[in-house]
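Asks:
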Amino acid sequence: MNRPIPEPRKILRHYWGYEAFRPGQEEIIESVLQGRDTLALLATGGGKSLCYQIPALALGGLCIVVTPLIALMKDQVRALHRLGISAEALISGLTLEESEEILEKADTGQLQFLYLSPERLGNQDFLTRCRPWNLTLLAVDEAHCIAQWGHDFRPEYQRIGEFKASLSSPNLPNNKGLPTLALTASATPEVCNEICERLGMHRPVVFRQTFARPKLQYAWPQTHSKHKILEDSLATLRGKALVYTRSRSQSEQVALWLTKHGYPAQAYHAGLSPELRDLRQKSWMSHEFPIMVCTSAFGMGIDQPDVRLVFHWNVPESPEAYYQEAGRAGRDGGDGVCIMPWTLEDLKDAKDRIEEAFPPIERIHRVYQALGLWCNLAVGAGLDQRFDFDASAFCHRFDLPEKEVHHAMQILHRAELIRIQEELMLPARVRFVVSARRLYELRVQEPVLDPYIDILLRNYPGILDRGVRFDERALARQSGITAVSILQAIRRLEALQVLDFVPRSDKQGIVWITERLPLTHVHIPASAYTLLKEARLNRLQALESMMTLENPPGKVKDLHQDCRSQRLLHYFGETQSAPCGICDLCLENQALKGEFNGQEMQDFQNKIRPLLQEPTHVLELMRQLDPGPHQSAPSEIQRRTYALQWLVDQGIIQRQMNDTLLWIKP
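Under our numbering, the residue at position 6 of the sequence shown is numbered 7, and the numbers go up by one with no gaps.
1. Give me the DSSP bridge partner(s) of Ala-90.
2. Specify the secondary structure class of Phe-290 as computed by DSSP and reduced to three states.
3. Between Gly-381, Leu-372, Glu-157, which has its C-alpha nearest Ala-394's C-alpha?
4. Quick check: what's the CA-CA separation for Arg-432 versus Arg-505?
5. At the level of alpha carbons, what is the spacing between Pro-24 and Arg-209?
6. What are the boundary residues of the alpha helix (DSSP H) that includes Gly-162?
7. Can you name, in chain order, every residue of its own chain whose Cβ lies under 8 Å from the Cβ of Glu-326, other than the five neighbours on each side?
8. Quick one: any contact between the region 334-341 and the region 367-385, if contact means 3 or more CB pairs under 8 Å?
9. Have a look at Ile-638, Ile-487, Ile-365 and flag the residue whose alpha-carbon is nearest the alpha-carbon of Ala-475.
10. If we ignore side chains and look at the alpha-carbon of each, how far apart do Asp-451 and Glu-98 end up?
11. How long is the line joining the alpha carbons of Ile-86 and Pro-119, rounded to whole angstroms?
12. So what does DSSP say about Thr-521, is it helix, strand or coil?
13. So is Gln-651 buried or exposed if we call it buried at 16+ other beta carbons inside 10 Å?
14. Could you check whether the region 8-27 touches the region 55-70, counting it as contact only if at least three pairs of C-beta atoms, one from each stretch, sit closer than 8 Å?
15. Does DSSP classify Cys-376 as helix, strand or coil?
16. Identify which residue in Ala-437, Leu-494, Gln-509, Glu-495 has its Cα closest to the Cα of Asp-391.
17. Quick check on the DSSP output: the alpha helix (DSSP H) that includes Asp-233 runs from which residue to which?
18. In this structure, how does DSSP classify Val-316 when only helix, strand and coil are distinguished?
19. Does the region 641-660 come close enough to the region 568-576 to have 3 or more Cβ pairs within less than 8 Å?
20. Use the C-beta contact count for Tyr-19: other C-beta atoms within 10 angstroms, 16 or more gives buried, fewer gives exposed.
21. Considering only the beta carbon of each residue, do Arg-160 and Leu-128 sit closer than 8 Å?
22. Please list the terminal residues of the continuous beta strand (DSSP E) segment that includes Phe-299.
23. Since Ile-340 sits in a beta bridge, which residues does DSSP pair it with?
24. When we look at the beta-carbon of Pro-180 and count the other beta-carbons within 10 Å, is it buried (16 or more) or exposed?
25. What is the residue span of the beta strand (DSSP E) that Thr-96 lies within?
26. Per DSSP, which one or two residues make a beta bridge with Ile-421?
27. Please report the distance separating the alpha-carbon of Trp-664 from that of Glu-615.
28. By Cβ distance, which residues of its chain are closer than 6 Å to Asp-585, with the 5 residues on each side in sequence left out?
29. May I ask you to report which of helix, strand or coil DSSP gives Asp-501?
30. Where does the unbroken alpha helix (DSSP H) through Leu-488 begin, and where does it stop?
31. Consult DSSP for Ile-684 and reduce its assignment to one of helix, strand or coil.
32. For the region 536-552 against the region 406-413, do three or more pairs of beta-carbon atoms, one drawn from each stretch, fall closer than 8 Å, so that the two count as touching?
33. What are the boundary residues of the beta strand (DSSP E) that Pro-471 is part of?
34. Could you pull the DSSP bridge partners for Arg-387 from this structure?
35. Give me the Cβ distance between Leu-40 and Met-202, rounded to the nearest whole Å; I'm assuming they're in contact under 8 Å.
36. Using 8 Å as the threshold, is the C-beta distance between Cys-193 and Val-206 below it?
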């Protein structure tokens, strides 16, 4: 007998304490609960995670969540644990014992959410292991990564469709396969179609929340005065700011310039240690340093409501990238300013970055050959093997430019010849390697070590049997002993050969997806090189046309060229939008046309509303607005004409046959 499914609102109230959903969430949840494959396009900060968490809790069983972001997995798992919900993340850096412990929880039905990367789904052992599980939902975050023509294509995402197709379960509705919810914040209609196709979605329901952010003011001035514009923007800042740059060195330079000019700014990029990145993120969130100068490494999965300024120091490579980064402003529904000053040199630099990202094939072959030597692999060896990778040491040893190596490895990754494991923080581990009896003797012989042995045994029950994760800072908080003293005692126990200690470390790695091939067999498919390069250049061209107000070659005139917001929305398939009224182009047009300001527009609406309760010809309306013998000046008539057109565009009044107007807004 099937158990009754709890109402989503009750689950929302019980776990999260909210009384109502955000716009769009409830319809998506209902679609998932009906067992329908669903694609949801929700704006950045639109509450994507609740769209799979609530139906998964209602359905029971286990929900698999696929995401490429390890930091986001950890944050989500911690948040669910705080709510008393069972969740785990299968990530790189876990020991075999830790991974097995998580899988056993899934085997025995103790897990409600299992977060993992798409690479895991290509593992045959994992597929065999999960077949008996009571899987009720597959949630795919950042679903645009599956689309070859999307702005962040990741080949490992294509394993998701293969994984879904290989599953069969009597628990699944109508034998249509595992119900799937795909989520993304930015995708064109073409990318949406590709997502549904590659995920094998059966008659998918697509929910497209509008991409419009009516309280974000876009300003993209062509100028060489970036420093002054940034300083002017920060002068009235009443919240947090994000300043996006395209390189680590540039983020450091801009942050230093701001600091010298009295602004509390810090730099954030992938070249910093995990500890320093975490510290700077916390100081930004706490408003100690409200200005973060960062690369695109910052922002994913971070939901801060009071970002009031997003400033782009450089031109991004696509409208999708710009929209995602700019969309971090005003997440609380408040105002936000999104400024992107640019020069023709910036546009050339953006194009050069794309060209640089695709080194000549012979250079890619050279990097592949060097990787084989770095890993000490003979041709035909290395299948599924992992090796630590130090980019600086690699480039020095083989006399290769670091940027070229980075881009070549990305192409080899997309060609599925190697897999790059991004830098991970591997936690410290400790294990006693002597018997309990020997430990007792040591505690008597070395009384100064006794309290340290005691807190290790009490806080890490498995420490006599296996290596356990160790965090001296957490242990210091629990015990009242300083972290330095704990580490000194650990080193002493290690010297006495009583304890094994593996310090915390940061490691990047590469995995050979195939055995090492002879260069004559190293094939780079067009989808990983030629076609991908073309798609990236086309997206940059689309963004450039929005900035310069020129039309891409072969394109007809863009009817939305007088508003930045309209141009962005048109790119994402929303062709019926009205001008935003607040971007730099709209404000310029209003100034040129002498349009009404906000209060004048309100007064004008109050005046014409009673006059348009019945269909009224536009000339009759103008006559009623000038009842005296003296007609208004032509400039005033023009202002009224623009205002009437704006009210028509907004759906407040309706233009009917024969130029009659009717007030239709309630």
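Ideal Cβ positions, reconstructed from N, Cα and C, are used throughout, including at glycine.
This one's a predicted model, so the numbers in the text were calculated from it and none came from an experiment.
Replies: Checking against the coordinates, here is how it stands:
1. Position 89 of the sequence shown holds residue 90. According to DSSP, Ala-90 bridges with Tyr-116.
2. One-based indexing of the sequence shown puts residue 290 at position 289. In this structure, Phe-290 counts as coil in the three-state DSSP scheme.
3. To locate residue 394, count along the sequence shown from 1; it is residue 393. It is Leu-372.
4. Locating residue 432 in the sequence shown gives position 431, counting from the first residue. Locating residue 505 in the sequence shown gives position 504, counting from the first residue. When rounded, the distance between both Cα atoms is 14 Å.
5. Position 23 of the sequence shown holds residue 24. Position 208 of the sequence shown holds residue 209. Looking at the two C-alpha atoms, the distance is approximately 11 Å.
6. Within the sequence shown, numbered from 1, the residue matching residue 162 stands at position 161. Where Gly-162 is concerned, the enclosing alpha helix (DSSP H) stretches over 159-167.
7. Walking along the sequence shown from the start, residue 326 turns up at place 325. So the list reads Leu-243, Tyr-245, Ser-297, Gly-300, Val-311, His-313, Pro-317, once near-sequence residues are dropped.
8. no
9. Within the sequence shown, numbered from 1, the residue matching residue 475 stands at position 474. For Ala-475, the nearest C-alpha among the options comes from Ile-487.
10. Translated into positions along the sequence shown, residue 451 becomes position 450. Translated into positions along the sequence shown, residue 98 becomes position 97. Distance between the alpha carbons of Asp-451 and Glu-98: 28 Å.
11. Within the sequence shown, residue 86 is the residue found at index 85, counting from 1. Within the sequence shown, residue 119 is the residue found at index 118, counting from 1. Spanning the two alpha carbons is a distance of roughly 23 Å.
12. Position 520 of the sequence shown, counting from 1, holds the residue named residue 521. Three-state result, Thr-521: helix.
13. The residue given as residue 651 occupies position 650 in the sequence shown. Classification of Gln-651: exposed, given that the 10 Å Cβ count is below 16.
14. yes
15. As a first step, residue 376 is located in the sequence shown; it is residue number 375 there, counting from the start. Of the three classes helix, strand and coil, the one that applies to Cys-376 here is coil, per DSSP.
16. On the sequence shown, residue 391 is found 390 positions in, with the first residue counted as 1. Taking only the C-alpha atoms, the option nearest Asp-391 is Gln-509.
17. Looking up residue 233 in the sequence shown gives position 232. Taken as a continuous stretch (DSSP letters only), the alpha helix (DSSP H) holding Asp-233 covers 227-236.
18. Counting from 1 along the sequence shown, the entry for residue 316 is found at position 315. Reduced to three states, the DSSP call for Val-316 is coil.
19. no
20. In the sequence shown, counting from the first residue as 1, residue 19 sits at position 18. Per the 10 Å Cβ criterion, exposed.
21. What you label residue 160 is simply residue 159 of the sequence shown in a count that begins at 1. What you label residue 128 is simply residue 127 of the sequence shown in a count that begins at 1. The answer is no: Cβ separation not under 8 Å.
22. Within the sequence shown, the letter at position 298 stands for residue 299. Element bounds for Phe-299: n/a, residue is neither H nor E.
23. Mapped onto the sequence shown, residue 340 falls at position 339. The partner list for Ile-340 (beta bridge, DSSP) reads Ala-220, Phe-312.
24. For the purposes of this step, residue 180 is taken as the residue at position 179 of the sequence shown. Classification for Pro-180: buried.
25. The residue you call residue 96 lines up with position 95 of the sequence shown. No beta strand (DSSP E) holds Thr-96; DSSP gives it neither H nor E.
26. For this step, residue 421 is matched to residue 420 along the sequence shown. DSSP lists Ile-511 as partners of Ile-421.
27. Counting from 1 along the sequence shown, the entry for residue 664 is found at position 663. Counting from 1 along the sequence shown, the entry for residue 615 is found at position 614. Their backbone Cα atoms lie some 8 Å apart in a straight line.
28. The residue you call residue 585 lines up with position 584 of the sequence shown. Hits under 6 Å: Ala-220.
29. Position 500 of the sequence shown holds residue 501. In this structure, Asp-501 counts as strand in the three-state DSSP scheme.
30. Here residue 488 corresponds to residue number 487 of the sequence shown, with the count starting at 1. Segment 484-496, the alpha helix (DSSP H) holding Leu-488.
31. This structure cannot speak to residue 684, because the chain is shown only from 2 to 667.
32. no
33. As a first step, residue 471 is located in the sequence shown; it is residue number 470 there, counting from the start. Reading off the sequence, residue 471 comes out as Phe, not Pro. That run of the beta strand (DSSP E) goes 469-471.
34. As a working note, residue 387 is residue 386 in the sequence shown. Arg-387 is bridged to Val-512.
35. Position 39 of the sequence shown, counted from the start, is the residue given in the question as residue 40. Position 201 of the sequence shown, counted from the start, is the residue given in the question as residue 202. That belief holds up - the Cβ atoms of Leu-40 and Met-202 are roughly 7 Å apart, short of 8 Å.
36. Position 192 of the sequence shown, counting from 1, holds the residue named residue 193. Position 205 of the sequence shown, counting from 1, holds the residue named residue 206. Against a cut-off of 8 Å, the Cβ pair of Val-206 and Cys-193 comes out as no contact.
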